[in-house]
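A.B. asks:
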Amino acid sequence: MKKISVKLILSFLAFLTINLWLIAKGVTKGNADFFISSTVEETILFILLQLFVIVIYNIQPLTIKKSKLIYWCVSEVFVFATVFFWGIFIVGPIWFI
Numbered sequence: 384m385k386k387i388s389v390k391l392i393l394s395f396l397a398f399l400t401i402n403l404w405l406i407a408k409g410v411t412k413g414n415a416d417f418f419i420s421s422t423v424e425e426t427i428l429f430i431l432l433q434l435f436v437i438v439i440y441n442i443q444p445l446t447i448k449k450s451k452l453i454y455w456c457v458s459e460v461f462v463f464a465t466v467f468f469w470g471i472f473i474v475g476p477i478w479f480i
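Here it is, written out as structure tokens:
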């Protein structure tokens, strides 16, 4: 139980970090860095969040099937919530602009 708790906390911290980054970008009125557009930056952040979820799982993977299911469901909800909220709800479908 301790292992899944640590993994879920790390997954939540990755979720929180990405969302705080996007909030900071939103406060600056969506200004992206000079070399990339905000759409590319958000897409990179969404991919990084998914990669964090995968890497967190692969470091000492869970062995109990129930724990695996709980981890993947909760972590993917974090990823889906971030993509839906920032990529669709806040700025509209960012990939179709």
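For the sequence shown, the residue numbers in this note's numbering are 384 to 480.
All C-beta atoms, glycine included, are put in the ideal place defined by N, C-alpha and C.
#1: So, helix, strand or coil for S450, using DSSP?
#2: Just the C-alpha distance for F467 and K385, rounded to the nearest angstrom, thanks.
#3: Measure from the alpha carbon of L432 to the alpha carbon of each residue in S458, S421, V423, K448, then state which is nearest.
#4: Can you give the Cα-Cα distance for I427 and L403, rounded to whole angstroms?
#5: I need the DSSP call for Q433, collapsed to helix, strand or coil.
#6: Can you tell me which of the three DSSP states L445 falls into?
#7: If you draw a straight line from the C-alpha of L434 to the C-alpha of A397, how long is it?
#8: Does DSSP put S394 in a helix, in a strand, or in coil?
#9: Mapping DSSP to helix, strand and coil, what is T422?
#10: Is the Cβ-Cβ distance between W469 and L405 less than 8 Å?
C.D. replies: Put simply:
#1: helix
#2: 30 Å
#3: S458
#4: Spanning the two alpha carbons is a distance of roughly 15 Å.
#5: helix
#6: Coil at L445, not helix or strand.
#7: Using only the alpha carbons, I get a separation of about 10 Å.
#8: helix
#9: Judged by DSSP in its simplified three-state form, T422 adopts helix.
#10: yes
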